[in-house]
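I have placed the structure first, in the form of structure tokens, so that the comments after it can refer back to it.
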Amino acid sequence: MTRCKNCLIPDTVPGVTLAADGVCNFCHQEAEQREVVVAAEETARQEREADLERTLADCRGQAEYDCVVPLSGGKDSIYLLCTGSSRTTGSRCWRSRSMPTFHPWPGTASAAR
Numbered sequence: 000m001t002r003c004k005n006c007l008i009p010d011t012v013p014g015v016t017l018a019a020d021g022v023c024n025f026c027h028q029e030a031e032q033r034e035v036v037v038a039a040e041e042t043a044r045q046e047r048e049a050d051l052e053r054t055l056a057d058c059r060g061q062a063e064y065d066c067v068v069p070l071s072g073g074k075d076s077i078y079l080l081c082t083g084s085s086r087t088t089g090s091r092c093w094r095s096r097s098m099p100t101f102h103p104w105p106g107t108a109s110a111a112r
């Protein structure tokens with residue numbers, strides 16, 4: 000009895016075949032499907048990012064701030080503020096004055112200020 004290198008399923012299970020590399024047909028099928036899903040997710044992410052860039056470009060410079068970023072203090076909202084106010088967007092983001100001083104990540108454009 001031999002087992003799959005990835006999932007350890009034995010070749011005695013009905014429907015399981017091991018390839019020459021020692022990986023079962025189920026693991027090979029999952030790897031192929033994962034590649035398709037990852038490619039689709041990356042395409043969707045790029046489309047959303049392009050849509051955000053278009054929206055920000057339409058609004059940029061029309062007021063004192065380009066966007067409002069609600070901060071909870073958690074890592075997600077801090078990351079959103081950091082990426083919204085630096086990187087490629089260059090947007091002027093408003094944050095609540097009651098929040099503690101935001102210390103940008105090293106290496107970002109706002110860290111140089």
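Numbering-wise (numbering that gives the first Met the number 0), the sequence shown opens with residue 0 and increments by one.
All C-beta atoms in this analysis are idealised placements derived from N, C-alpha and C, irrespective of residue type, glycine included.
- Here DSSP, grouped into helix, strand and coil, assigns arginine 44 to helix.
- Cβ-Cβ separation between asparagine 24 and valine 15: approximately 7 Å, consistent with a contact (criterion under 8 Å).
- When rounded, the separation of the alpha-carbon atoms in proline 69 and serine 76 is 7 Å.
- A residue is called buried when at least 16 other Cβ atoms come within 10 angstroms of its Cβ; leucine 80 meets this threshold and is buried.
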